[in-house]
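Here is the structure we will look at, set down as structure tokens.
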Amino acid sequence: MRGLLAVEAAGAAAASASVLNGAVDWWRDVNESPLWQDRIFHALAVLYGIVSAVALIQLIRIECRVPEYGWTTQKVFHFLNFLVNGVRSVVFVLRRNVQLVEPEIIQHVLLDMPGLAFFTTYALLVLFWAEIYYQARAMSTDGLRPTFYWINSVVYAIQIILWLVLWWKPVRVMVILSKMFFAGVSLFAALGFVLYGGRLFLMLQRFPVESKGRRKKLQEVGYVTTICFSCFLIRCVMMCLNAFDKAADLDVLNHPILNFFYYLLVEIVPSALVLFILRKLPPKRGITQYHPIH
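Numbering-wise (UniProt numbering), the sequence shown opens with residue 1 and increments by one.
See below:
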């Protein structure tokens with residue numbers, strides 16, 4: 001009886017090992033196949049193109065609704081979403097050609113710049129919430145926009161310096177430093193959503209139950225905060241792995257599956273969900289929470 005059980009256990013272990021080896025072989029075959037690489041990158045391009053088109057349509061709808069308000073925060077947010085996702089789509093359509101661009105620093109710029117613009121896009125949403133929060137508490141908002149511009153200027157300036165140093169001396173340590181900086185920026189964005197999204201959520205919770213739109217606004221802030229915090233935190237963790245583990249490198253052609261799930265989780269799905277949640281058009285008159293960009 002014991003011998004029979006041992007034989008069955010050995011058979012089960014062999015079957016599990018065979019399945020595991022088959023999965024590993026499949027993963028390797030897909031990653032090393034130029035056909036699958038192109039298919040996956042083109043699929044990403046299509047998904048980014050769809051999100052970009054949705055953002056553009058929403059921007060046009062808002063402009064038709066309130067053309068007299070100029071470039072409001074909401075319009076800029078949708079325009080940046082259209083731009084970021086559109087550029088990502090083009091980059092993935094030309095992904096194989098991007099890998100051949102010389103000097104190599106241009107590859108880093110093409111792959112990293114949309115990520116920086118993504119940070120700016122959602123930092124703008126944090127700014128909008130911070131303005132609502134401070135206004136509701138009768139606090140001055142004069143320093144918020146200068147702070148937003150200053151933070152973005154510092155982030156872009158540091159990244160440009162890192163690119164220039166990497167161009168001048170393309171050593172591994174500079175690549176690691178650049179990716180870790182990007183991880184730090186992502187963590188900063190995640191904390192920004194927790195800070196101001198959380199504050200706004202708690203403030204809305206204290207409003208009277210009969211307040212008009214309270215429940216819907218509460219859900220909107222809660223969902224967007226959770227989605228954006230999660231996507232920037234995942235980006236932070238993945239960039240740390242990307243910096244030190246070659247198996248997690250996102251900047252090479254032979255990791256298409258990793259690229260697909262990474263960009264799906266940290267940009268495509270979050271952007272699509274946020275655009276859906278924030279799809280409501282502003283009212284034509286009596287706008288109180290609609291701030292123009294100066």
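C-beta atoms are modelled at their ideal positions from N, C-alpha and C, and glycine is treated no differently.
- Hey, Val93 and Leu110: beta-carbon distance below 9 Å or not? Result no, Cβ atoms of Val93 and Leu110 do not sit closer than 9 Å.
- Query: Would Ser153 be called buried (16 or more neighbouring beta carbons within 10 Å of its own) or exposed?
  - Reply: The residue is exposed, with fewer than 16 neighbouring Cβ atoms inside 10 Å.
- Item | Limits of the unbroken alpha helix (DSSP H) element including Thr141 | Counted as a single uninterrupted DSSP element, the stretch harbouring Thr141 is not any alpha helix (DSSP H), since DSSP gives it neither H nor E.
- Query: Should the region 106-123 be regarded as contacting the region 158-175, the criterion being three or more beta carbon pairs within less than 8 Å?
  - Reply: yes
- Query: So the alpha helix (DSSP H) Pro283 belongs to, where does it begin and stop?
  - Reply: Premise fails: Pro283 is in no alpha helix (DSSP H) and is neither H nor E.
- Item | Candidates Leu56, Val252, Gly115: closest to Phe182 by CA position | For Phe182, the nearest C-alpha among the options comes from Gly115.
- Determine the extent of the alpha helix (DSSP H) in which Asp38 is found, giving its start and end residues. 34-65
- Item | Pick from Pro283, His255, Ser271, Phe276 that is closest to Leu47, judged by C-alpha positions | Ser271
- Message: By the three-class DSSP mapping on this structure, what secondary structure does Ala15 have?
- Response: Interpretation of Ala15 is limited by its pLDDT of 47, a score under 50 that renders its predicted location unreliable; the figure taken from the coordinates is listed afterwards. Here Ala15 sits in helix by DSSP.
- Task: Over the uninterrupted alpha helix (DSSP H) stretch that includes Val237, give me the two end residues.
- Result: 214-244
- Whole-angstrom distance between Ala136 and Asn254, CA atom to CA atom: 51 Å
- Message: At 4 residues or longer, what runs of the alpha helix (DSSP H) sit wholly inside the region 246-271?
- Response: DSSP runs (the alpha helix (DSSP H)) wholly in the region 246-271: 256-263.
- Task: Could you have a look at Phe207 and say whether DSSP puts it in helix, strand or coil?
- Result: coil
- Query: In chain order, what residues of the same chain lie with their CB nearer than 7 Å to the CB of Phe82, ignoring the 5 residues before and after it?
  - Reply: Ser52, Ala55, Leu56, Leu59
- Task: Below 7 Å CB to CB, which residues in the same chain sit around Thr120 once its five sequence neighbours on both sides are set aside?
- Result: Leu80, Asn152
- Message: Applying the 10 Å Cβ sphere with the 16-neighbour rule, what's the burial state of Val185?
- Response: buried
- Item | Trp167 versus Ala43, Val269, Glu102, Lys284, residue with shortest Cα-Cα distance | Glu102
- Residues near Met239 by beta carbon distance below 8 Å, same chain, minus five either side: Result list for Met239: Lys179, Met180, Phe182, Ala183, Ser186, in chain order.
- In angstroms with no decimal places, state the Cα-to-Cα distance between Trp71 and Thr141. 19 Å
- Message: Which residue marks the beginning of the alpha helix (DSSP H) containing Leu187, and which one marks its end?
- Response: 172-192 is the span of the alpha helix (DSSP H), which, as asked, contains Leu187.
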